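Written out below as structure tokens is the structure these notes cover.
Numbering (our numbering), first residue to last: 404 to 680.
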């Protein structure tokens, strides 16, 4: 089984996000690009972000969109709890109960949950850790959203996160950096690491889909004036690092670095079986 150098693994999975963080910091936090972009979306006459007043847009992109990460987390939590049921039932000692569960199609579900206990627990912990990291950063930077600042008709001063960062105490009441709604979409990256564990050949599709979902979530809030564009990028960087560290704790580097299965690798066992037959 072919593996990659551990140095390459760490460079790709840690190096690229950290390089992206440096680029985002220099390109957005050290310039006025965020403000310039939000200025394009702001109506100075009405002193509003027009899309912030469209209730259907708010429901579709902010409230209803949460269904995807929320249901994923709930399914993972239910699966994690069910994973402990099958050993407790012990069908060998309770054949009648085991037979009933087989007939009612419950047994396969319980066996599946038990067999994937680590995966369900990983998703639960990854979601919780990502949420905790984002909430910690929000509380310890106290950045107010654009729509709340004097730049866009609000009453509070615009402050960059690095000017307000406090490591050991809350910095204030602001809760806008990094993007919370964007992070909800990015937490779906946890599924990518599960796919990597099993060498699923569509793992990269899961990764890019999760990144796209987080980007869409974040961008819709930018359009409404509740975030700057860089807030979305920062959310993606922190969520990736949180998911990666959690995956390393649950699965280990050796399992995560194994190349994903290619189509021909799946076809070989079938062809060999046909020849043997």
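We put the beta carbon where it would ideally sit given N, CA and C, even for glycine.
In this text, all values refer to a predicted model and were calculated from it rather than measured experimentally.
Take residue 625 and list the residues in its own chain whose beta-carbon comes closer than 6 Å to its own, dropping the five residues that flank it on each side. Locating residue 625 in the chain shown gives position 222, where the first residue counts as 1. So the list reads 632, once near-sequence residues are dropped.
So for residue 570, helix, strand or coil by DSSP? As a working note, residue 570 is residue 167 in the chain shown. Here residue 570 sits in coil by DSSP.
Would you call the CB atoms of residue 636 and residue 415 closer than 8 Å? In the chain shown, the residue the question calls residue 636 occupies position 233. In the chain shown, the residue the question calls residue 415 occupies position 12. No; because the gap between Cβ atoms is not below 8 Å, this pair is not in contact.
If you drop the 5 nearest sequence neighbours on each side, which residues of the same chain put their C-beta closer than 7 Å to that of residue 649? By one-based count along the chain shown, residue 649 stands at place 246. Taken in chain order, the residues that qualify are 525, 528, 529, 532.
From what residue to what residue does the alpha helix (DSSP H) around residue 486 run? To locate residue 486, count along the chain shown from 1; it is residue 83. That residue, residue 486, is in no alpha helix (DSSP H); it is neither H nor E in DSSP.
What is the DSSP secondary structure of residue 359, reduced to helix, strand or coil? This structure leaves residue 359 out entirely; the chain is present only between 404 and 680.
Regarding residue 635 and the ligand ZN, is the C-beta to nearest heavy atom distance less than 7 Å? You won't find the ligand ZN in this model; it holds no ligand whatsoever.
Nearest neighbour of residue 440, chosen from 458, 653, 622, 659 [CA to CA]: Against the chain shown, residue 440 aligns to sequence position 37. Nearest option by C-alpha distance: 622.
Cα-Cα separation between residue 497 and residue 504, rounded to whole angstroms: As a first step, residue 497 is located in the chain shown; it is residue number 94 there, counting from the start. As a first step, residue 504 is located in the chain shown; it is residue number 101 there, counting from the start. Roughly 11 Å between the two C-alpha positions.
Mind checking which residues open and close the alpha helix (DSSP H) that includes residue 654? Taking the first residue of the chain shown as position 1, residue 654 is located at position 251. Run containing residue 654: 632-654, per the alpha helix (DSSP H) assignment.
Looking only at DSSP bridge pairs, what is residue 437 linked to? By one-based count along the chain shown, residue 437 stands at place 34. DSSP lists no partner for residue 437.
C-alpha distance - residue 487 paired with residue 601, whole-angstrom precision: For the purposes of this step, residue 487 is identified with residue 84 of the chain shown, where counting begins at 1. For the purposes of this step, residue 601 is identified with residue 198 of the chain shown, where counting begins at 1. In a straight line, the C-alpha of residue 487 is about 22 Å away from that of residue 601.
Helix, strand or coil for residue 534, going by three-state DSSP, please let me know. Indexing the chain shown from 1 puts residue 534 at position 131. DSSP places residue 534 in helix when its eight states are reduced to three.
Buried or exposed: which applies to residue 507, given that a residue is buried once 16 or more other Cβ atoms fall within 10 Å of its Cβ? Working through the chain shown from its first residue, we reach residue 507 at position 104. Exposed, since its Cβ has fewer than 16 Cβ neighbours within 10 Å.
Give me the residue from 664, 434, 559, 646 with the minimum Cα distance to residue 586. Position 183 of the chain shown holds residue 586. Of 664, 434, 559, 646, the residue nearest in Cα terms is 646.
Quick check on the burial criterion: 16 or more other C-beta atoms within 10 angstroms. Buried or exposed for residue 551? Numbered from its first residue, the chain shown carries residue 551 at position 148. The residue is buried, with at least 16 neighbouring Cβ atoms inside 10 Å.
C-alpha distance - residue 421 paired with residue 480, whole-angstrom precision: Along the chain shown, read from residue 1 onward, the residue named residue 421 stands at position 18. Along the chain shown, read from residue 1 onward, the residue named residue 480 stands at position 77. Straight-line Cα distance between these residues: approximately 31 Å.
Option in 569, 515, 608 with minimal Cα separation from residue 485: Position 82 of the chain shown, counted from the first residue, corresponds to residue 485. The shortest Cα separation from residue 485 among 569, 515, 608 belongs to 515.
The alpha helix (DSSP H) that contains residue 622, what's its start and end? Translated into positions along the chain shown, residue 622 becomes position 219. Its alpha helix (DSSP H) spans residues 606-626.
Residue 464 (DSSP reduced to helix, strand or coil): For the purposes of this step, residue 464 is identified with residue 61 of the chain shown, where counting begins at 1. Per DSSP, reduced to three states, the secondary structure at residue 464 is helical.
Distance, Cα to Cα, residue 582 vs residue 638? Stepping through the chain shown from its first residue, residue 582 is reached at position 179. Stepping through the chain shown from its first residue, residue 638 is reached at position 235. Computed Cα separation, rounded: 6 Å.
Limits of the alpha helix (DSSP H) - the one that residue 581 falls within: Residue mapping note: residue 581 aligns to position 178 of the chain shown, counting from 1. Per DSSP, residue 581 is not a residue of any alpha helix (DSSP H), being assigned neither H nor E.
With distances taken from CA atoms, which of 538, 547, 558, 659 is nearest residue 595? The residue you call residue 595 lines up with position 192 of the chain shown. Out of 538, 547, 558, 659, the CA that lies nearest to the CA of residue 595 is found in 659.
Whole-angstrom distance between residue 473 and residue 615, CA atom to CA atom: Locating residue 615 in the chain shown gives position 212, counting from the first residue. Locating residue 473 in the chain shown gives position 70, counting from the first residue. Straight-line Cα distance between these residues: approximately 17 Å.
Give me, in chain order, the residues of the same chain whose beta-carbon lies closer than 6 Å to that of residue 536; leave out the 5 immediate sequence neighbours on both sides. The residue given as residue 536 occupies position 133 in the chain shown. If you ignore the 5 residues before and after residue 536, its C-beta comes within less than 6 Å of the C-beta of 641, 645, all in its own chain and listed in chain order.
Give the secondary structure of residue 451 by DSSP, where H, G and I count as helix, E and B as strand, and everything else as coil. Residue numbering aside, residue 451 sits at position 48 when the chain shown is read from its first letter. The answer is strand: DSSP assigns residue 451 an E or B state.
Can you list, in chain order, the residues of its chain whose CB lies under 8 Å from that of residue 618, leaving out five sequence neighbours each side? To locate residue 618, count along the chain shown from 1; it is residue 215. If we look at residue 618 and ignore the five residues flanking it on each side, its Cβ neighbours are 585, 588, 635, 639.
Does residue 580 pass the burial test, meaning 16 or more other C-beta atoms within 10 Å, or should it be called exposed? Locating residue 580 in the chain shown gives position 177, where the first residue counts as 1. By the neighbour-count criterion, in which a residue is buried when 16 or more other Cβ atoms sit within 10 angstroms of its Cβ, residue 580 is buried.
Drop a sphere of 10 angstroms on the beta-carbon of residue 652, count the other beta-carbons inside from all chains shown, and report buried for 16 or more, exposed for fewer. The residue labelled residue 652 in the question sits at position 249 within the chain shown. Classification of residue 652: exposed, given that the 10 Å Cβ count is below 16.
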